[in-house]
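One structure below.
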Amino acid sequence: MDPERHNNRVLQVETRSEIRQGEYRKEIGVFGATFFGASAILGSAILFIPVTVLSAAGPEGIVAWVIGAVMMLVIGLIYTELGTIMPRTGGVGTYPQVSNGPLTGIFNGWGAFLGYVLAPVSEVVAMVEYLSFFFPVLYNLKTSQLTIYGELLTILIVFLFFLGNYFGVRYLNQANSFLTWLKLLSLAFIGVFFLALYFHPSNFTALPGGFAPYGGSGLLFAVATTVYAYAGFRQPVDYAEEVKDHKRTIPIAISLSIIVSFILYTLLSVDFIGSVNWSYLGISPGDWASLSSLTFPLPAMAFGVGLAVMAYFIFFTSIHSSASSSLIYSGGAARVLANISENRYLPPFFARLGKRGVPYYSVIAVLLISAFYTFLVPVFISVALVFVDASLVSYGPAAVSLMVFRRHVKAPGDSFRLPAAQVLAPIGFVVGSYLLYWTGFKYLIIAIPSVLVGALLFIYHARKTKVDAEDIRGGIWYPVYLAAILALSYFLSISPGPSNLGGIDVVPFPYNIIVFTAVVLVFYAVGVISGNAYMAKKGIRAEGPPST
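Numbering-wise, the sequence shown is residues 0 to 547 according to numbering that gives the first Met the number 0.
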């Protein structure tokens, strides 16, 4: 039976079309979808992430960019298969709901929404901080806070992004395409400029410590940093029903967005290694770890070689990079909220589409939430990134849904299929779990309970639909898994040495890796077994993509 018809029959509720009272418009082509992913990946962090990786591993950080890209590409291809056989705009919570029931679905959807709705605020605040380099009135250096003018500008920018989403995905796509072309060309120009004129290859090996000054532990830290940098790749799937020819477009868009981002991130890291002026920075040559203290390392690279104009250009690039990222995340947040509503966790009006194919009520809700948290700056910004981490809970379970669908959903012959899924799916689940673990207990103690608050929405769902024991059994493994991640982050070491991420480090490095990987693989197996049992007992089996 088609999963969509099954849910409607059992729950005795409206179909998605009845809830939406409209349809999403297919306005996004291959380039547009690729730029959605690239915009989300290459956001405000572009100003410092390429150097943060080097501060962890030295020149060996270049290898970390390769490893991180491969790791995230595995998760990206898992989402590619899900997005091509079951395209759902904002549907990060739909896949686990179909495979493992509503309990898993709401925690995934709610976690993604928390991260998505607060990411634009963080990006805009960063954007205004970068602008303060040119307009000091926006930021108070003594208090490290935005001034009243900075806060007002932040709210104005948030409102402009609201308009970009309100008037339809066609205009959103056009605006983002312009900003992303500008971003990619600017970053490529910066990279090639320093590589051609100021590059010193000897910096890779001649400095104290050589190519790998911090060894394997440094490389591990650097890899952890790179995987976070790639985390925005999922946007083409989040807009899946608005993508033209999704079976062709989504695989290309996700792959290209990760590859293009890998090239640019790596190029900027290589530039810094070859062009850094240690004396200008006041850092001993080869003391890579001290680079982490730099506020704006890439502009400092330009100032160090006497190019103030290029430093200003790098600031300008960071500003419009933040703008496009915030624009896309704002739209993604509205679509995830609409999908949560479609899945009967919120009142149906959040899912209703206007004449332009936009979930207007959800777009307005995102604006109001963003404006509210902007007023809480700077109190909010200190914990904003913690809530953004909540979206990381939704990466690993996609692998479970994939393997359950392989048994119960017959995909069309022309849809993308992940090769060697029996091997790559558990790897993807482990990678997604490490995304959470590397965040550290200090932040997970806030992020994971915030996700588990989604249980309140499950109660609403249960009151509106017929939830039975199978719905609980199919998904109970997931909140237990999140609790286990929290416990592991407390008891296991995150790093070879002392860290400020909380926890008591009972199990030291590298044994923590063995223990953590073994535990999460057990949860992966339980998730797949539970999902197969859930879909079998519910009688869910599709002979093609679910109906719309």
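Idealized CB from N, CA, C, for every residue including glycine.
Residues near residue i in its chain [Cβ-Cβ closer than 7 Å; skip 5 each side]
i: S278; result: none
i: I61; result: T265, S268, V269
i: L152; result: V127, L137
i: Y229; result: I40, G67, A68, M71, I257, S260
i: E542; result: In this predicted model, E542 has a pLDDT of only 43, less than 50, meaning its place in the structure is not dependable; the value taken from the coordinates is given anyway. K409, listed in sequence order.
i: Y115; result: Y328, G331, A332, V335, S390
i: Q234; result: F35, G36, A39, I327, G331
Contact belief for residue i with residue j at Cβ below 8 Å, rounded distance in angstroms
i: A56; j: Y227; result: At roughly 15 Å, the Cβ-Cβ gap does not stay under 8 Å, so A56 and Y227 are not in contact.
i: L391; j: L352; result: At roughly 29 Å, the Cβ-Cβ gap does not stay under 8 Å, so L391 and L352 are not in contact.
i: Y372; j: Y165; result: Contact doesn't hold; Cβ gap of about 19 Å is too wide.
i: T51; j: S283; result: So it is not a contact: roughly 19 Å between Cβ atoms.
i: L72; j: I189; result: Not really, about 25 Å apart at Cβ, beyond 8 Å.
i: V450; j: L113; result: 7 Å
i: I77; j: L417; result: 6 Å
i: V403; j: N531; result: 6 Å
i: D556; j: G331; result: In this structure the chain extends from 0 to 547, so residue 556 is not present and cannot be described.
i: F158; j: L366; result: 7 Å
i: V91; j: S329; result: Not confirmed; about 16 Å, so no contact.
i: T224; j: I48; result: 7 Å
i: S320; j: I513; result: With a Cβ gap of about 39 Å, S320 and I513 do not count as contacting.
i: P86; j: A239; result: 4 Å
i: S529; j: R472; result: 7 Å
Enclosing alpha helix (DSSP H) for residue i [first to last residue]
i: F166; result: F166 -> no alpha helix (DSSP H), and no H or E assigned at all.
i: W277; result: 277–280
i: G60; result: 60–84
i: Y129; result: 101–130
i: E241; result: Careful: E241 lies outside any alpha helix (DSSP H) and carries neither H nor E.
i: I27; result: That residue, I27, is in no alpha helix (DSSP H); it is neither H nor E in DSSP.
i: V136; result: Looking at the DSSP string, V136 is not in any alpha helix (DSSP H), and its letter there is neither H nor E.
i: Y394; result: Unbroken run through Y394: none, as it is neither H nor E.
i: Q20; result: Segment: none, Q20 is in no alpha helix (DSSP H) and carries neither H nor E.
i: K441; result: 440–451
i: K141; result: Per DSSP, K141 belongs to no alpha helix (DSSP H) and is neither H nor E.
i: H460; result: 454–463
i: G331; result: 307–341
i: S374; result: According to the sequence displayed, residue 374 carries Phe and not Ser. Counting along the chain, the alpha helix (DSSP H) containing F374 begins and ends at 359–374.
i: K536; result: 510–537
Straight-line Cα distance separating residue j from residue i
i: V242; j: Y23; result: 9 Å
i: V123; j: T179; result: 16 Å
i: G149; j: Y264; result: 29 Å
i: S400; j: K465; result: 22 Å
i: G42; j: S268; result: 16 Å
i: Y364; j: F161; result: One point to set straight first is that residue 364 is Ala, not Tyr, in the sequence displayed. So the alpha carbons of these two residues sit roughly 10 Å apart.
i: L266; j: F132; result: 25 Å
i: N202; j: P296; result: 17 Å
i: A370; j: I154; result: 6 Å
i: L306; j: F220; result: 31 Å
i: E341; j: R19; result: 8 Å
i: A337; j: G21; result: 13 Å
i: F177; j: S323; result: 9 Å
i: P396; j: P507; result: 27 Å
i: R343; j: W437; result: 33 Å
i: F271; j: V518; result: 39 Å
i: Y459; j: A111; result: 19 Å
i: V479; j: L53; result: 36 Å
i: I368; j: A398; result: 31 Å
i: I444; j: A454; result: 17 Å
i: Y533; j: S98; result: 7 Å
8 Å CB neighbourhood of residue i in its chain, flanking five on each side removed
i: V222; result: A63, I66, G67, M70
i: T83; result: H245, K246, I249, P250, A410, S414, F415
i: F349; result: L336, A337, I339, S340, P358, Y360, S361, A364
i: V452; result: W109
i: L81; result: Y94, V236, A397, S400, L401, F404
Cβ shell of residue i (< 6 Å), same chain only, five flanking positions each side left out
i: G163; result: L171, A174, L326
i: Y197; result: S274, V304
i: Y129; result: F314, S317, I318
i: L481; result: I447
i: Y489; result: F440, G502
i: S289; result: I282
i: G217; result: A55, A56
i: L345; result: I339
i: A211; result: E59
i: D470; result: G100, P101
i: G526; result: V399, W476
Exercise. Report yes or no: do the segment 28–40 and the segment 249–261 share at least 3 C-beta pairs separated by less than 8 Å?
Key: Contact between the segment 28–40 and the segment 249–261 is present, because at least three Cβ pairs lie under 8 Å.
Quiz item: So does the segment 102–109 actually touch the segment 309–319, counting three or more Cβ pairs closer than 8 Å?
Solution: No contact exists between the segment 102–109 and the segment 309–319.
Quiz item: Below 8 Å, can you find three or more Cβ-Cβ pairs linking the segment 30–47 to the segment 201–208?
Solution: Using a C-beta cut-off of 8 Å, the segment 30–47 makes no contact with the segment 201–208, since fewer than three inter-stretch Cβ pairs fall below that distance.
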